[in-house]
DNA sequence: GTATTTACCTAGTATTTCCATGGGTAAGTA
DNA sequence: TACTTACCCATGGAAATACTAGGTAAATAC
């Protein structure tokens, strides 16, 4: 598995906010219920999104969260990298060249690097606006 | 991370066998030492490769393992699927359509399915022979 | 036929990551 | 002042990961 619930939840929630527009603030409780996600768990995810400036937060009644920018301006890659920390497919490529003693002669490393690049380009090529258009 | 050490070790070991040809059997101990992998851990991986008919095993002195087929006939995908069990990037796509109650209306599911397909085609498009040619 | 070498089998275990849960505090609104 | 909301910190269970340990069975060499 390359993406855990944390990143997947973050993405789904961001899609929700994108659908709702930037007119009003939506409380976390509402999003958690409509998406069927644990409210407490979602809190920790929203904190990350908020601190990174992906969403705008307001306390008190009538408060909640909303997007800070237009859906076109968020790539799936940016959201996932923020919440997941890394999207590396193997640890070989994450830890830098010095981590694995065999990196200089490893026959499989170039393949992992190509895969990482491909996955990164895939995620960077999709925005929230693209996901909104998605139909089943 | 999409591929754990188990799959990565399996791949590296298969490359080793491919490099050594099918003339002689190579004992696990030799491979483990040259690759710097725990001998005992590698045992469990070789058992899987052996049972699947990917390698041929012979007991006693002069015994060991060797490839059963030519390097061109092994795709990276086949080796990884065998040892990792699954190469699904998210659990949404693994557990079948019924697993996630939101699969029919999920705005992100089509993206995960496209990613899975892309990754699968990537791995299926590379053989052991291709890895042998790899240069750093 | 005994010793050695190798693969094969079963079980256990320490560590880490994942996926939350619980309880409180601070900020803003009616 | 009461209420609603975001924010903060600590804890815990479950599963996976990456081994480790100790034995058994098969083949070969002497």
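Chains as they are written, first to last, in this note's numbering: chain A, 343 to 478; chain B, 343 to 478. Glycine included, C-beta positions come from ideal geometry on N, C-alpha and C.
Handout entry: Residue of B:394, B:414, B:429 minimising C-alpha distance to residue 463 of chain B
Key = Residue 463 of chain B has its Cα closest to that of B:429, out of B:394, B:414, B:429.
Practice task
Give the single residue among A:461, A:409, A:388, A:450 whose Cα lies nearest to the Cα of residue 424 of chain A.
Solution key: Answer by Cα proximity: A:388.
Practice task
Identify each residue in the segment 445-477 of chain B for which the Cβ-Cβ distance to at least one residue of chain A is less than 9 Å, and report them in chain order.
Solution key: Hits within the stretch, in order: 445, 446, 447, 448, 449, 450, 451, 452, 453, 454, 456, 457, 460, 461, 464, 465, 468, 472, 473, 474, 476, 477.
Handout entry: residue 424 of chain B at chain A interface by Cβ criterion, 9 Å
Key = No - not a single Cβ of chain A is within 9 Å of the one on residue 424 of chain B.
Problem - Residues that residue 353 of chain A contacts on chain B, provided the C-beta gap is smaller than 8 Å - result: Neighbourhood of residue 353 of chain A in chain B, by CB distance below 8 Å: 450, in chain order.
Problem - Interface flag, residue 372 of chain A vs chain B, CB-CB below 9 Å - result: No, its Cβ sits nowhere closer than 9 Å to a Cβ of chain B.
Practice task
Return helix, strand or coil for residue 473 of chain B, following the three-state DSSP convention.
Solution key: Of the three classes helix, strand and coil, the one that applies to residue 473 of chain B here is helix, per DSSP.
Problem - Beta-ladder partner(s) of residue 417 of chain B, from DSSP - result: Under DSSP, residue 417 of chain B takes part in a beta bridge, and its partners are B:469.
Handout entry: residue 432 of chain B in three-state terms, based on DSSP
Key = Reduced to three states, the DSSP call for residue 432 of chain B is coil.
Practice task
Assign residue 383 of chain A to buried or exposed, taking buried as 16 or more other Cβ atoms, counted over all protein chains shown, within 10 Å of its Cβ.
Solution key: By the beta-carbon neighbour count (other beta carbons within 10 angstroms, threshold 16), residue 383 of chain A is exposed.
Exercise for the section: Using the DSSP secondary-structure output, state which residues sit across from residue 398 of chain A in a beta bridge. Expected result: A:408.
Handout entry: For residue 346 of chain A and residue 426 of chain A, believed in contact at Cβ under 8 Å, the rounded distance
Key = Residue 426 of chain A to residue 346 of chain A, Cβ: 7 Å. Contact.
Exercise for the section: Just mark residue 350 of chain A as buried or exposed, buried being the case when its beta carbon has 16 or more other beta carbons within 10 Å. Expected result: Here residue 350 of chain A is buried, its C-beta having at least 16 other C-beta atoms within 10 Å.
Exercise for the section: Tell me whether the beta-carbon of residue 407 of chain B lies closer than 9 Å to the beta-carbon of residue 368 of chain B. Expected result: Taking 9 Å as the cut-off, the Cβ atoms of residue 407 of chain B and residue 368 of chain B count as close.
Exercise for the section: Compare the C-beta of residue 390 of chain B against all C-beta atoms of chain A and say whether one is closer than 9 Å. Expected result: Not a single C-beta of chain A is nearer than 9 Å to the C-beta of residue 390 of chain B.
Exercise for the section: Pick out whichever of B:433, B:456, B:476 has its Cα sitting closest to the Cα of residue 447 of chain A. Expected result: Measuring from the Cα of residue 447 of chain A, the nearest candidate turns out to be B:476.
Handout entry: Beta-carbon neighbours of residue 357 of chain B, restricted to chain A and to distances below 8 Å
Key = Contacts between residue 357 of chain B and chain A, judged by CB atoms closer than 8 Å, involve 449, 450 in chain order.
Exercise for the section: Kindly list, in the order they appear in chain A, the residues whose Cβ is closer than 9 Å to that of residue 350 of chain B. Expected result: The contacting residues are 432, 433, 434, 450, 454.
Handout entry: Bridge partner(s) assigned by DSSP for residue 368 of chain B
Key = DSSP, once it has assigned bridges, lists B:407 as partnering residue 368 of chain B.
Problem - Close-in-space but distant-in-sequence residues of the same chain around residue 358 of chain B (CB under 6 Å, 5 per side omitted) - result: Within its own chain, the residues whose Cβ lies closer than 6 Å to the Cβ of residue 358 of chain B, once the five positions on either side in sequence are excluded, are 373, listed in chain order.
Exercise for the section: Buried or exposed for residue 354 of chain A, please, with buried defined as at least 16 other CB atoms from any protein chain shown within 10 angstroms of its CB. Expected result: The C-beta of residue 354 of chain A has 16 or more other C-beta atoms within 10 Å across all chains shown, which makes the residue buried.
Handout entry: Residues near residue 398 of chain B in its chain [Cβ-Cβ closer than 6 Å; skip 5 each side]
Key = If we look at residue 398 of chain B and ignore the five residues flanking it on each side, its Cβ neighbours are 408, 410.
Exercise for the section: Give the DSSP-derived three-state secondary structure of residue 349 of chain B in the structure shown. Expected result: The answer is helix: DSSP assigns residue 349 of chain B an H, G or I state.
Problem - residue 371 of chain A to residue 391 of chain A span [Cα, whole Å] - result: Cα to Cα, the separation comes out at about 16 Å.
Problem - Continuous alpha helix (DSSP H) stretch holding residue 386 of chain B: start and end - result: Counting along the chain, the unbroken alpha helix (DSSP H) around residue 386 of chain B starts and ends at 381-393.
Practice task
Would you kindly work out how many angstroms separate the C-alpha atoms of residue 435 of chain A and residue 404 of chain A, rounded to a whole number?
Solution key: When rounded, the distance between both Cα atoms is 45 Å.
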